[in-house]
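Asker: In order, the protein sequence lines correspond to chains A and B.
In the numbering used here, each number is its position in the first sequence, counted from 1, plus 506.
In the numbering used here, each number is its position in the second sequence, counted from 1, plus 1.
For each residue, glycine too, the CB sits at the ideal point set by N, CA and C.
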Amino acid sequence: MKGGGLWQRVDRFGRNLVPLGVTLLMVLIGAVPLPIAGYASVVPLFSLCAVFFWAIYRPHLLPLSLVFVIGLVQDALAGTPFGLHALMLLITYGMVASQRRFFLGKPFTLVWWGFMLIALIAIVTAWLLASIAIGTVMRPGPATFQFLLTLALYPVIALLLSGAQRLLPQPA
Amino acid sequence: MATKLQKQGVLAKLATLRGVAQRFAFVSLFLLAFALMMLGKAENVVVERTRAGIADIAAPILDAVSRPVATVTDLIAQTNEMMNLRGENLRLREENARLRAWHGVATHLAAENEALRDLLHYVPPARGGFISARVVGDGGGPFVRSALINSGERDGVVKGLAAINEEGLVGRITDVGQRSSRLLLLTDFNSRIPVQLETSRDRAILTGDNSPQPQLAFLPPNARPKVGERVVTSGYGGVLPAGLPVGLVLGMRDGQMRVQPFVNWDRLEYVRIVDFGPIPAPEASAADAPVIVPVPEKPALRAAPQAAESPAVEEDGVPPAAEKLPPSLLAAPPVVAPQAGAPPANSPASGARP
């Protein structure tokens, strides 16, 4: 498995970029305008789902620094205070990293339950930070909806992400 | 044996070091993100440039990704239209009859306006242009109301310009990149638009609070806005041109006088950025207020092909946008023809007056 020809190495390199690419794609998908009433204010946090997933299953392919950059990209696209999503994703990543052993090899419902707790903490923190950055207490309604929508969509996204995970070389 | 133990000890130490380094990295990135947030609040140039740069790179991709979505939406809308053809036809006939009356009024007023301007030796302000742009990204989530558009500095977009669509004022440009810009919607918490009630002429500041219906703040104490009264930009402060339609007074909701904007936020696809050049402040000379009226000889309502697909500046006297602008723009000049005032656009009776 070690070494290999040039093509093998290029192939492995390309495959190792999958988590980053997929997470950035999730950021882009979240920014696409959809003609659904009120959608823009409750857009599900696709990127948070992806960061949560990769932090459990392939953390070495999505290091902390990249999570930070992905968050900044999301901030630039969404127009949120620069650093807000970066903080939200860092918190998610940090919490998952500390509980990784707990999640590995557990049934999906348990992982989903863990996602609920971690996403809740991340979104509440983001809500507090946004309130500080924008200088007012934000209405909690849209953030609550965003949380529920993200939670409801996680199984679908996790399914797509595990499809992407099959492209990756097995961890050593 | 001893070497093996030593090796294990070194490995353990390395692992601890790695843990510490990781924790350090986490804390420093966390602090960095927080610092960026605070810097961004203070409108730091570096933060703004970085943000615009990222948006510039992503805008073409987003543009490509959002097109299929737009196509599907259009298809659904077209199917709906097909199903409502008869009703729509009837409605359009009625509207056409009403607009015909308005056409007469507009021609008459334009001629009168011209004559009065000649009398006053009035020098009209330089006519600006429109920059058409497509909304390629929104999804600010619960905290902001803004949109990413696919025109930037190279198309002539400047910070602070107003963006309108065929319904009314959408918002203002807050960040400009090379080929993308950020449009702060008038419902955003940070949005402040100087407005005027169209009939009472009372001035106020339209203040967004992230809800779909922004508030009217700083109304004069004796002002009594009527429900359904039209709200237009006042041009006060010299930031936006006067007379752009904004919305209708909704009345008191949760202790605030609120306005229902004309714009349908769920279907924001194209916007026009209004560039009227330097705008004279109305208090300097009320008659200098920019007049957003097409050339008098050809008063509006002219069918012209839409060039909204690609961003383009339309510099000629009659912007093709003119026929898409609501009639209020025709009734906009507040001072030049006060007797023409601003009859409610939806009352056909007033059309027969002149």
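#1: So is B/Gly1 buried or exposed if we call it buried at 16+ other beta carbons inside 10 Å?
#2: Check the Cβ of B/Phe25 against every Cβ in chain A and list those closer than 7 angstroms, keeping chain order.
#3: Could you confirm whether any beta carbon from chain A is found closer than 8 angstroms to the beta carbon of B/Phe131?
#4: Quick one: list the residues of chain B neighbouring A/Pro541, beta-carbon separation under 7 angstroms, in chain order.
#5: What did DSSP end up calling A/Met622 once you bin it into helix, strand or coil?
#6: Put B/Tyr123 into one of helix, strand or coil per three-state DSSP.
#7: Helix or strand or just coil, what does DSSP make of B/Arg99?
#8: For a contact defined as C-beta to C-beta under 9 angstroms, what are the partners of A/Leu634 on chain B?
#9: Apart from the five residues just before and just after B/Arg259, which ones in its own chain have a Cβ nearer than 6 angstroms to its Cβ?
#10: Does the beta carbon of B/Pro262 sit closer than 8 angstroms to a beta carbon anywhere in chain A?
#11: So B/Pro221 and B/Asp203 are in contact, right, with Cβ under 8 angstroms, and what is the actual spacing, rounded?
#12: Could you name the residues of the stretch 523-537 of chain A whose beta carbon sits closer than 8 angstroms to any beta carbon of chain B, in the order they occur along the chain?
#13: Please identify the residue among A/Val579, A/Phe609, A/Thr586 and A/Ala636 whose C-alpha is closest to the C-alpha of A/Ile624.
#14: To which residues of the same chain is A/Pro648 closer than 7 angstroms at the C-beta, ignoring the five residues directly before and after it?
#15: Who pairs with A/Val643 in a beta bridge, going by DSSP?
#16: So, are the CB atoms of A/Val538 and B/Leu149 less than 8 angstroms apart?
#17: Report the three-state DSSP secondary structure of B/Ala164 (helix, strand or coil).
#18: Pair every Cβ in the stretch 134-146 of chain B with every Cβ in the stretch 179-190 of chain B, then say whether three or more of these pairs are closer than 8 angstroms.
#19: Is the separation between the beta-carbon of B/Val233 and that of B/Leu245 shorter than 8 angstroms?
#20: Which ranges does the alpha helix (DSSP H) cover as unbroken runs of at least 4 residues, wholly within the stretch 247-273 of chain B, from first to last along the chain?
#21: Give me the chain A residues within the contact set of B/Phe35, using Cβ-Cβ distance strictly less than 7 angstroms, ordered along the chain.
#22: Please check if any C-beta of chain A sits within less than 8 angstroms of the C-beta of B/Pro312.
#23: Considering only residues of the same chain and omitting the five flanking positions on each side of B/Lys160, which have a CB-CB separation below 6 angstroms?
#24: How would you label B/Ala205, buried or exposed, when you count the other beta carbons within 10 angstroms and need 16 or more for buried?
#25: Expressed to the nearest angstrom, what Euclidean distance is found between the alpha-carbon atoms of B/Glu154 and B/Lys42?
#26: Between B/Arg24 and A/Arg521, what straight-line distance do the alpha-carbon atoms span, to the nearest angstrom?
#27: So, with DSSP's three-state summary, where would you put B/Asp210?
#28: If you follow the beta strand (DSSP E) that B/Arg180 is part of, which residue opens it and which one closes it?
#29: Name the DSSP beta bridge partners of B/Arg193, please?
#30: Along chain B, which residues have their Cβ under 8 angstroms away from the Cβ of A/Phe574?
#31: In this structure, how does DSSP classify B/Arg202 when only helix, strand and coil are distinguished?
#32: Can you list, in chain order, the residues of its chain whose CB lies under 8 angstroms from that of B/Val28, leaving out five sequence neighbours each side?
#33: With 16 as the cutoff for other CB atoms within 10 Å, does B/Met38 come out buried or exposed?
#34: Could you run through the stretch 143-156 of chain B and flag, in chain order, every residue whose CB is less than 8 angstroms away from some CB of chain A?
#35: Rounded C-beta distance between B/Asp276 and B/Ile165? I'm assuming under 8 angstroms.
#36: To which residues of the same chain is A/Ile551 closer than 6 angstroms at the C-beta, ignoring the five residues directly before and after it?
Answerer: Taking the definition as stated:
#1: This structure gives no information on residue 1 of chain B, because the portion of chain B shown stretches from 2 to 355.
#2: Simply none; closest approach about 11 angstroms.
#3: Using a Cβ-Cβ cut-off of 8 angstroms, B/Phe131 does not count as an interface residue toward chain A, since no Cβ of chain A sits closer than that to its own.
#4: By Cβ distance, chain B contributes Thr74, Asp267 and Arg268.
#5: In the structure shown, A/Met622 adopts helical secondary structure according to DSSP, grouped into three states.
#6: Correct three-state label for B/Tyr123: coil.
#7: The three-state reading of DSSP puts B/Arg99 in helix, counting H, G and I together.
#8: Within chain B, not a single residue places a beta-carbon under 9 angstroms from that of A/Leu634; the smallest gap is close to 11 angstroms.
#9: Excluding sequence positions up to five before and after B/Arg259, its CB lies within less than 6 angstroms of the CB of Gln214, Gln216 and Leu251, all in the same chain and listed in chain order.
#10: No, its Cβ sits nowhere closer than 8 angstroms to a Cβ of chain A.
#11: Going by Cβ atoms, the distance from B/Pro221 to B/Asp203 rounds to 6 angstroms, so yes, they are a contact pair.
#12: So the close ones are Leu534, Ile535, Gly536 and Ala537.
#13: For A/Ile624, the nearest C-alpha among the options comes from A/Phe609.
#14: Excluding the 5 residues flanking it on each side, A/Pro648 has same chain C-beta neighbours closer than 7 angstroms at Ser547 and Val548, in chain order.
#15: In DSSP, A/Val643 forms no bridge with anything.
#16: It is not a contact, given that the beta carbons lie outside the stated cut-off.
#17: Three-state DSSP puts B/Ala164 in a strand.
#18: The answer is yes - the stretch 179-190 of chain B touches the stretch 134-146 of chain B, with three or more Cβ pairs under 8 angstroms.
#19: Pairing B/Val233 with B/Leu245 gives a Cβ-Cβ distance under 8 angstroms.
#20: The qualifying runs do not exist here; there are none.
#21: Against B/Phe35, the close residues of chain A are Gly589 and Leu593, in the order they occur along the chain (beta-carbon pairs closer than 7 angstroms).
#22: Reliability of the predicted coordinates at B/Pro312 is poor, the pLDDT of 40 falling under 50, and no value is obtained from them.
#23: Ile174 and Val177.
#24: Counting every other CB atom within 10 Å of its CB across the protein chains shown gives B/Ala205 a total of 16 or more, marking it as buried.
#25: In this structure, the CA atom of B/Glu154 is about 23 angstroms from the CA atom of B/Lys42.
#26: The C-alpha of A/Arg521 is placed about 28 angstroms away from the C-alpha of B/Arg24.
#27: B/Asp210 carries a coil assignment under DSSP once its states are collapsed to helix, strand and coil.
#28: Boundaries for B/Arg180: no beta strand (DSSP E) harbours it, and the DSSP string shows neither H nor E there.
#29: Per DSSP, B/Thr208.
#30: The answer, in chain order, is Leu30, Leu33 and Ala34.
#31: Residue state, collapsed to three classes: coil.
#32: No residues qualify anywhere along the chain.
#33: Under this definition B/Met38 is a buried residue.
#34: Pro143, Phe144, Val145, Arg146, Ser147, Ala148 and Leu149: these are the residues of the stretch 143-156 of chain B whose beta carbon lies less than 8 angstroms from some beta carbon of chain A, given in chain order.
#35: That belief does not hold up - the Cβ atoms of B/Asp276 and B/Ile165 are roughly 11 angstroms apart, past 8 angstroms.
#36: Residue identity differs from the one stated: residue 551 of chain A is Leu in this sequence, not Ile. Closer than 6 angstroms at the Cβ level, and outside the excluded window around A/Leu551, lie Thr656.
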